[in-house]
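Student: Before we start, here is the structure in question, set down as structure tokens.
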Amino acid sequence: METLINGIKTEIKMGRASILKSIKENKPAFISIPEIDIDFFKEEIDFLETFKINVELVGGNITELSELKHLNTEIKNKYPKAKRIVSDISASNLGTVSITKETDPHTLENVDLAIIKAEFGIVENGSVWISEDYFPIRILPFITNDLVIILSKKELCLHMHDAYKIISDRERTFGLFISGPSKTADIEQCLVIGAQGAMSLTIFLV
Amino acid sequence: MSHSEKAAIFNKNEAKVNWHDKALWFVREKRDTAAHKVKGWEYLRELASGIKANVLSNLDNYLIEFETNAVKNGIKVHWASNAEEHNKIVHSILSENNATKVVKSKSMLTEECHLNPYLESKDIEVIDTDLGERIVQLAKETPSHIVLPAIHKTKEEVDELFQKHLGTKPSNGNPEYLTNEARKHLRNKFLNADAAITGVNFAIAETGGIVVCTNEGNADMGAHLAKVHIACMGIEKIIPKEAHLGVFLRLLARSATGQPITTYSSHFNKPALGTEMHIVIVDNGRTEQLSREDFRSSLHCIRCGACMNTCPIYRRSGGHSYDATIPGPIGSILSPGKDLTKHSSLPFASTLCGSCTNVCPVKINIHEQLYKWRQLIVKDVKQPLIKKTILKIMGKVLARPKLYAIFGKSARWMLTYAPRFMVYSKLNTWGKSRELPKIENGNFDQWYKNRNKNG
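Sequences listed follow chains A and B, in order. Mapped onto my numbering, the consecutive letters of the first sequence carry residue numbers 1 to 206. Mapped onto my numbering, the consecutive letters of the second sequence carry residue numbers 207 to 661.
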């Protein structure tokens, strides 16, 4: 075992040196990086309305709340059968299962509903950015049967260029853009909602 | 077997070919609708192409920058010159962790390296977790499309496969039922996996992080449950800055399926508490392609599959007729660089209509590169005798106006009077599945002269 691992370690070093050497010999003369001029992408559109349309386009549900105090009632109405609920406390106090960074991700196997706060939404594609800051276990938004996202109406940006500006100073661990529920069209191109991840996604706009 | 021979087999089932053709064209139309909604789409394509050109011109430095930053964040980085080294590295990571059950999300690189059979020979179970890939894995086949791996399978065929391997009930190919059964089957695999292997869509030099895009959520289901995550990437997956993802993520899903973005675009920067994350950087012929000035830009490819969906040859011949890991137009310029003799028929599997070039989000001049490969191939690889002879004769005929006139006359006479078996002989490959045109009223030359006479 020892020699095997050592043997491979030498090979790894050789791989690195030979790849870098080969690139150096074969690459073209330096070409500079183009600047992204985001003025090209400016659009005068209604952020909220377009965002709502795009969330539905990607298979998500969206509910606009007039007041934050209705949130729990609305979630219960939407998911009446959910028993095992993991909720980020900054979003809702409906949680019945509490988790920490030390929780074994496998124990979330039967979670019915996860409630997670999104940091902001992107108008052009109906996606939201969620990060580990709001769900201590990375598997949560994927393994849960249904997913509820809480998003402030004020936190919308037009496109992905603005999105990357917003997250440029974050502490980089794990985060994602999520747009709608898990889906597949791998059987004869028929769209089926609920492949390996969450079966539904509802965004509550507050 | 050449592409045309394999395509002939695929074309035996006419109804299936017609379905395949239409299904892919539908995806192409969805791509158009999505692209037209984006203000500045063409500018986005230019940016993407420019960024990729910069990447190739500074690739060694970006890879070093990426490695430094990834290592800083606790990720282990490995380098593999070829498929064999890649497979050995992956296996060594698995054995160090006593991992015998592996779940894998879509990675064309691991297909290219034939990782699955290698690991299986070492008694490791590898389960492909993308639904389409699981279907082809159960059928003991390879993906026929890089985004839609099982596009060549009918729902009835999937039904039968699942009955046999997953114990499902006959459902006449009900997609909801079959997808849900696959979900249960794969859940069990995810929960019991020791390690997860994923591909990489983008690796960011500036941050040392990677982005993995899926619609099903299978990459994340694997990577966040298992103790060990191994991400495998070709050297060309590097982009300089995180802000460049803004360009590429806007282009990728729209070009691939017409979605504005994939369901999940996951940004991995640090391993989770108590887990390990490895990245294997692979060359396997890419630096050689980098050396070929005419074909270098094929390394811009972000694997969206748009060139396949639009290609009239791909749509009517199916991915397997290319007999290569990456089929379709982009595969036909990548594969000859790996094995010119084996893949010599691929650059000819094109009408050179240029539709692939028009839809490519990173502006690879695919059809021009196909034409360039043809010129190299006719010099280096033996061509079929009939094709060679006919082209030689035609070259002579076309260069001599008198000979051309005689040739035209006799061809018209043949088409009018010669018996069918002669006109549609083996020499006339054009007439294999087509009727030749009816000859009417002499030739253009005569008509033109008469027209002048009549004023």
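C-beta: ideal position from N, C-alpha, C; glycine also. Note that this is a predicted model, so its numbers are computed, not measured.
Is the separation between the beta-carbon of A/Leu156 and that of A/Phe51 shorter than 9 Å?
Tutor: Their beta carbons are under 9 Å apart, which means A/Leu156 touches A/Phe51 by this criterion.
Student: Out of A/Arg172, A/Pro181 and A/Gly180, which one is the CA nearest neighbour of B/Glu448?
Tutor: Looking at the Cα atoms, A/Arg172 is the closest of the given residues.
Student: Distance check for A/Ala91 and B/Glu291, CA to CA, integer angstroms please.
Tutor: If I take the Cα positions, the gap works out to 48 Å.
Student: Taking the beta carbon of B/Ser327 as the centre, do at least 16 other beta carbons fall within 10 Å, making it buried, or is it exposed?
Tutor: B/Ser327 should be labelled exposed.
Student: Tell me B/Asp334's beta-bridge partners as DSSP assigns them.
Tutor: BP columns for B/Asp334 point to B/Lys310.
Student: Between B/Ile281, B/Gly452, B/Met207 and B/Tyr528, which lies nearest to B/Gly480 when the distance is taken from Cα to Cα?
Tutor: Comparing Cα-Cα distances from B/Gly480 to each of B/Ile281, B/Gly452, B/Met207 and B/Tyr528, the minimum goes to B/Ile281.
Student: Report the option in B/Val353, B/Glu339 and B/Ala289 whose CA atom is closest to the CA atom of B/Glu347.
Tutor: B/Glu347 has its Cα closest to that of B/Glu339, out of B/Val353, B/Glu339 and B/Ala289.
Student: Under 9 Å between beta-carbons, which chain A residues line up against B/Gly256? List them in chain order, please.
Tutor: Ordered by position in chain A, the residues that pass the 9 Å Cβ test against B/Gly256 are Ile31, Ser32, Ile33 and Pro34.
Student: Please compile the residues from chain B whose C-beta is within a distance smaller than 7 Å of the C-beta of A/Glu43.
Tutor: Under the 7 Å cutoff, chain B gives Lys245.
Student: Could you check whether B/Ile532 and B/Met314 sit closer than 9 Å to each other, using their CB atoms as the reference points?
Tutor: Cβ distance < 9 Å, so B/Met314 and B/Ile532 count as in contact.
Student: Can you tell which of B/Lys585, B/Leu451 and B/His506 has the C-alpha that lies nearest to the C-alpha of B/Ile539?
Tutor: The candidate whose alpha carbon is nearest that of B/Ile539 is B/His506.
Student: Please decide whether A/Asp37 counts as near chain B, where near means a Cβ-Cβ distance under 9 Å.
Tutor: Judged by the 9 Å Cβ criterion, A/Asp37 is in contact with chain B.
Student: With a threshold of 9 Å between beta-carbons, can B/His284 be considered close to chain A, or not?
Tutor: Chain A contact via Cβ: present.
Student: Residues of the region 150 to 166 of chain A in Cβ contact with chain B at a cutoff of 9 Å, in chain order, please.
Tutor: Per Cβ criterion, the list reads His159, Met160, His161, Asp162, Ala163, Tyr164 and Lys165.
Student: When you compare the CB of B/Ser665 with every CB in chain A, is at least one pair closer than 9 Å?
Tutor: Absent from the model: residue 665 of chain B. The displayed extent of chain B is 207 to 661, so no value can be given.
Student: Let me know the secondary structure DSSP gives A/Tyr79 once reduced to three states.
Tutor: Looking at A/Tyr79 - three-state DSSP - the assignment turns out to be coil, as it is neither helix nor strand.
Student: Determine the closest residue to B/Asn407 out of B/Tyr324, B/Cys510 and B/Gly524, with distance taken between C-alpha atoms.
Tutor: If we check each option's Cα against that of B/Asn407, B/Cys510 comes out closest.
Student: Of all the CB atoms in chain B, is at least one closer than 9 Å to the CB of A/Ser127?
Tutor: With 9 Å as the cut-off, A/Ser127 counts as an interface residue toward chain B.
Student: Could you tell me the distance, in whole angstroms, from the CA atom of B/Asp651 to the CA atom of B/Leu582?
Tutor: Spanning the two alpha carbons is a distance of roughly 36 Å.
Student: Which residues in the same chain have their Cβ closer than 8 Å to the Cβ of A/His106, if we skip the five residues on either side of it in sequence?
Tutor: Same-chain partners within the cutoff: there are none.
Student: Just to confirm, are B/Ser350 and B/Asp334 a CB contact at a threshold of 9 Å?
Tutor: Not in contact: B/Ser350 and B/Asp334 (Cβ atoms no closer than 9 Å).
Student: Reducing DSSP to helix, strand and coil, say where A/Ala198 ends up.
Tutor: Looking at A/Ala198 - three-state DSSP - the assignment turns out to be coil, as it is neither helix nor strand.
Student: Return yes when the Cβ of A/Ala163 is within less than 9 Å of the Cβ of A/Ser182, no when it is not.
Tutor: For A/Ser182 and A/Ala163, no; Cβs fall outside 9 Å.
Student: For B/Lys602 versus B/Leu609, is the C-beta distance shorter than 9 Å?
Tutor: For B/Lys602 and B/Leu609, yes; Cβs fall inside 9 Å.
Student: Report buried or exposed for B/Pro355, applying the criterion of at least 16 other Cβ atoms within 10 angstroms of its Cβ.
Tutor: B/Pro355 is buried by the Cβ-count criterion.
Student: Closer than 7 Å, Cβ to any Cβ of chain E: which residues of the region 537 to 569 of chain B, in chain order?
Tutor: Among the protein chains in the structure shown, which are A and B, there is no chain E.
Student: How long is the line joining the alpha carbons of B/Cys562 and B/Val308, rounded to whole angstroms?
Tutor: So the two alpha carbons sit approximately 36 Å from each other.
Student: Write down the C-beta distance between B/Thr404 and B/Ala437 rounded to the nearest angstrom, noting that I regard them as a contact closer than 8 Å.
Tutor: Sure, about 5 Å apart at Cβ, within 8 Å.
Student: Which word fits A/Thr3, buried or exposed, when buried means at least 16 other C-beta atoms lie within 10 angstroms of its C-beta?
Tutor: Confidence at A/Thr3 is low in this model, with a pLDDT of 38, below 50, so the placement of that residue is unreliable and no value is reported for it.
Student: Pick helix, strand or coil for B/Thr566, following the three-state DSSP scheme.
Tutor: Note that residue 566 of chain B is Cys in the sequence shown here, rather than Thr. Coil.
Student: When DSSP labels each residue in this structure, what does B/Met171 get in the three-state scheme?
Tutor: Nothing can be reported for residue 171 of chain B, as the shown portion of chain B is limited to 207 through 661.
Student: Per DSSP, which residues does B/Cys438 bridge with? Please list them.
Tutor: Paired residue(s): B/Val486.
Student: Beta-carbon separation of B/His399 and B/Leu431 under 9 Å?
Tutor: Position check: residue 399 of chain B holds Ala in this sequence, whereas His was assumed. For B/Ala399 and B/Leu431, yes; Cβs fall inside 9 Å.
Student: Here's a check: name, in chain order, each residue in its chain whose Cβ is nearer than 7 Å to the Cβ of B/Gly560, leaving out the five neighbours to either side.
Tutor: Closer than 7 Å at Cβ, skipping near neighbours: His573.
Student: Looking at the structure shown, is A/Thr107 part of a helix, part of a strand, or coil, going by DSSP?
Tutor: The answer is helix: DSSP assigns A/Thr107 an H, G or I state.
Student: What is the residue span of the alpha helix (DSSP H) that B/Gly543 lies within?
Tutor: It spans Gly534 to Lys544 - the alpha helix (DSSP H) in which B/Gly543 sits, taken as one unbroken run.
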